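Undergrad:
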Amino acid sequence: MNIEGFRHASYQAIDRICDYFLSLEERPVLPSVQPGFLRGLLPNHVPDSGEDIQQIADDFRDTILPESILGELYSSSIANPGFNWHCSPVSTELEEIVMDWSCKLLGLSDAFLNTSETGGGVLGTTACDSVLVTIVAARTTFLQLNPGLSQQDLVLYITSQTHILGCKAAAILGLAYTVLEVAKEGDYSLRGKTLLAAIKKDAGNGRHPFFLIATVGSTSNGSVDRIDELGPILVSNGIWMHVDAAWAGLALACPEYRDVCQLEAINKYADSFCINFHKWGLVSLEASALWVRNRQWLMQALDVTPEYLRTIHVEDNVNDYRNWQFSLSRRSRSLKMWFVLRGFGIQGLQGYIRKTISLCQMFYKLVENSSDFQLVGRPFLSLAVFRLRPKDSLLFSVNADEQTLNDLNRIFHRKLLIHDLFLTQTMLDGMFCIRFNVGATRTEERHIMNAWKTICSQIEPAIAEWVKYYVP
Ligand SMILES: *Cc1c(COP(=O)(O)O)cnc(C)c1O
């Protein structure tokens, strides 16, 4: 494509992205296509000769919904691999800078700044990848400090509310893990005494816990582990604490949410901390921010430098981000962060976080005041978990058993999907529940009211269907 052709296609891309945003409310939430639909629409091989960009853009508009951000567009224009400072100085340094900006934005300790003596931050792809490299670093460090032990002696700690990233990392790395119990009565937070009991039991079995994933804002129900209680125990047992705040961590940008998110304890005890700017942080995928208290822990485990990667800056102590991750090459992700952080500013981000939380509060007050629904656990930030429990209905009076309520709620949840309300579900202590989370910039009160209207409109149909299936 010549430069003028590129100019035309790029302007058109922006026009189409704007049209897409303007048409969002008219679009269905759920896909209307069947699995495998795309195979029927696209050729099954690469075209023999290059195609016209207009044709590709039309195909994209017509078959694949566009979603993008300016920073991402610009970053596509830079062809650099980003692994060494030497081959991408701007990329490396902008990343260090936006990570430090974000560190301060969230109120994290200066110990995590790239400009600090030992800590630092890296912008990775996803929370799953971030925890994986962190566990590798912790494993190397732990085995170095405990000569004589091997990987078979190690165990990783998670809870029943930890995101699946814990089990997945254990499976990938061939590590044993223990699921620590969290109780409904304690809002599903991991407590110090549970951790102590597990450590004691493992010591009896000759197993060595070396890593714990603590969560601030679990995916399932927004639970927060008691980092203040866990911290001192982990420190005295030489166990690494990784704090997964992939979703909720952005709330730290607002000072009034720092206590509920346990910022003080995070700053004191976390060895690593991860939040996804691509979730509640207005940045497009992938933008997973990972901070470590000691960047050397990552380097020790991940720095492998053959001759062809040596640069003339070895003595200058420059930062080669390839040593913070598994792959060598990396995108210049900092550019989109830079656009968003500058474009919104601290107040803009805070305003957005506060707005989504207040919209969620509006929703859960509706739930609380309704005799048809029940909140399950306490809502956290912009997440409320609820289920249908019609108190006035004779069929589902106070004594209705869990199985009955679960059957009813599964039917109810399906009905919401059919009516284009895409709420995900979860199981909590055997209860089938529905999650309501607000997170989009364009969500307004009227959208919450519309959702509530749909929710209420499906009570009777759900009960009727339950009766049809289950009442003889
Ligand atoms: C979404 C989420 C993850 C997974 O994030 P990815 O970036 O998709 O890997 C992990 N933990 C929590 C708490 C999450 O909410």
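The working numbering puts the first residue of the sequence shown at 95, with every later residue one more than the last. Glycine included, C-beta positions come from ideal geometry on N, C-alpha and C. Bear in mind that the values here come from a model prediction, so they are computed numbers and not experimental data.
Check for me: the alpha helix (DSSP H) holding Met543 runs from which residue to which?
TA: Note, Met543: alpha helix (DSSP H), 539-551.
Undergrad: Using the DSSP secondary-structure output, state which residues sit across from Ser117 in a beta bridge.
TA: Answer is none; Ser117 lacks a bridge partner.
Undergrad: Between which two residues does the beta strand (DSSP E) holding Phe305 run?
TA: Where Phe305 is concerned, the enclosing beta strand (DSSP E) stretches over 302-309.
Undergrad: On the three-state DSSP scale, how would you describe Trp385?
TA: Strand at Trp385.
Undergrad: According to DSSP, is Glu559 helix, strand or coil?
TA: Residue state, collapsed to three classes: helix.
Undergrad: Please state whether the Cβ-Cβ distance between Leu357 and Ile327 is less than 9 Å.
TA: Result no, Cβ atoms of Leu357 and Ile327 do not sit closer than 9 Å.
Undergrad: Hey, how far is the Cα of His372 from the Cα of Asp247?
TA: Each residue's alpha carbon lies about 36 Å from the other.
Undergrad: Pairs of beta-carbons, one from the region 228-246 and one from the region 440-452, closer than 8 Å: are there three or more?
TA: Touching, no, given that fewer than three Cβ pairs across the two stretches are closer than 8 Å.
Undergrad: Of the residues Ile258, Phe236, Leu396, which one's Cα is nearest the Cα of Met335?
TA: If we check each option's Cα against that of Met335, Phe236 comes out closest.
Undergrad: Can His336 be considered in contact with ligand 3, in the sense that its beta carbon sits closer than 8 Å to one or more heavy atoms?
TA: Ligand 3 is not part of the structure shown, which contains ligand 1 as its ligands.
Undergrad: Under DSSP, the beta strand (DSSP E) around Gln468 begins and ends at which residues?
TA: Where Gln468 is concerned, the enclosing beta strand (DSSP E) stretches over 467-469.
Undergrad: With distances taken from CA atoms, which of Trp179, Ile111, Ser143 is nearest Tyr415?
TA: Comparing Cα-Cα distances from Tyr415 to each of Trp179, Ile111, Ser143, the minimum goes to Trp179.
Undergrad: I want to know whether the region 482-491 touches the region 464-472 - three or more CB-CB distances under 8 Å.
TA: Yes: at least three Cβ pairs fall under 8 Å.
Undergrad: Only counting the same chain, and skipping five residues up and downstream in sequence, which positions put a Cβ closer than 8 Å to that of Glu559?
TA: Excluding sequence neighbours, Glu559 sits near Ile505, Lys509.
Undergrad: Would a C-beta distance cut-off of 9 Å place Phe304 and Leu250 closer than the cut-off?
TA: Contact flag set, yes.
Undergrad: CA-CA distance, Lys362 and Asp281?
TA: Taking the straight line from one Cα to the other gives about 23 Å.
Undergrad: Nearest to Leu453 by CA position, among Leu477, Ala339, Ser196, Ile440, is which residue?
TA: The shortest C-alpha separation from Leu453 is found at Leu477.
Undergrad: Determine the contact status of Thr518 and Arg529, defining contact as a CB-CB distance below 9 Å.
TA: Yes. Within cutoff.
Undergrad: Among the residues of its own chain, which have a CB less than 6 Å from the CB of Asn500, if the five just before and after it don't count?
TA: Result list for Asn500: Phe526, in chain order.
Undergrad: By Cβ distance below 6 Å, which residues in the same chain neighbour Met456 in space, the five residues on each side in sequence not counted?
TA: Here the set comprises Ile542.
Undergrad: So what does DSSP say about Cys355, is it helix, strand or coil?
TA: Cys355: coil per DSSP, three-state reduction.
Undergrad: Mind checking whether the beta-carbon of Ser382 lies closer than 8 Å to any heavy atom of ligand 1?
TA: Yes, the beta carbon of Ser382 sits closer than 8 Å to at least one heavy atom of ligand 1.
Undergrad: Note down the Cα distance separating Ser196 from Gly215, rounded to an integer number of angstroms.
TA: If you take the alpha carbons of Ser196 and Gly215, they lie about 9 Å apart.
Undergrad: If you measure between the beta carbons of Thr253 and Asp319, is that distance less than 9 Å?
TA: A contact, by the Cβ cut-off of 9 Å.
Undergrad: Enumerated in chain order, which unbroken segments of the alpha helix (DSSP H) with a length of 4 residues or greater are wholly contained in the region 383-455?
TA: Runs found: 389-396.
Undergrad: How many angstroms separate the CA atom of Leu403 from the CA atom of Lys278?
TA: Distance between the alpha carbons of Leu403 and Lys278 is about 52 Å.
Undergrad: For Val386, does the count of other Cβ atoms within 10 angstroms reach 16, so buried, or fall short, so exposed?
TA: By the neighbour-count rule (16 or more Cβ atoms within 10 Å), Val386 is buried.
Undergrad: Do Ala263 and Cys222 have their CB atoms nearer than 9 Å?
TA: Yes, the pair counts as a contact, with Cβ atoms nearer than the cut-off.
Undergrad: Considering only the beta carbon of each residue, do Ile147 and Gly99 sit closer than 9 Å?
TA: In this structure, Gly99 lies closer than 9 Å to Ile147 by Cβ.
Undergrad: May I ask you to check if the CB of Cys454 is nearer than 8 Å to at least one heavy atom of ligand 1?
TA: No; taking the cut-off as 8 Å, the Cβ of Cys454 has no heavy atom of ligand 1 nearer than that.
Undergrad: Do you know offhand how far Glu145's Cα is from Arg121's?
TA: Glu145 and Arg121: Cα-Cα distance of roughly 29 Å.
Undergrad: Please find out if some non-hydrogen atom of ligand 1 comes closer than 8 Å to the beta-carbon of Asn370.
TA: Yes, the beta carbon of Asn370 sits closer than 8 Å to at least one heavy atom of ligand 1.
Undergrad: For Asn174, which residues from the same chain have a beta carbon less than 7 Å from its beta carbon, with the 5 sequence-adjacent residues on both sides left out?
TA: Hits under 7 Å: Cys181, Ser182, Ser185, Ser426.
Undergrad: Report the three-state DSSP secondary structure of Val216 (helix, strand or coil).
TA: Strand.
Undergrad: For a quick check, are the C-beta atoms of Gly311 and Leu475 less than 9 Å apart?
TA: Contact: yes.
Undergrad: Let's see if you can read the secondary structure: which residues bound the alpha helix (DSSP H) around Ser378?
TA: Note, Ser378: premise wrong, no alpha helix (DSSP H); not H, not E.
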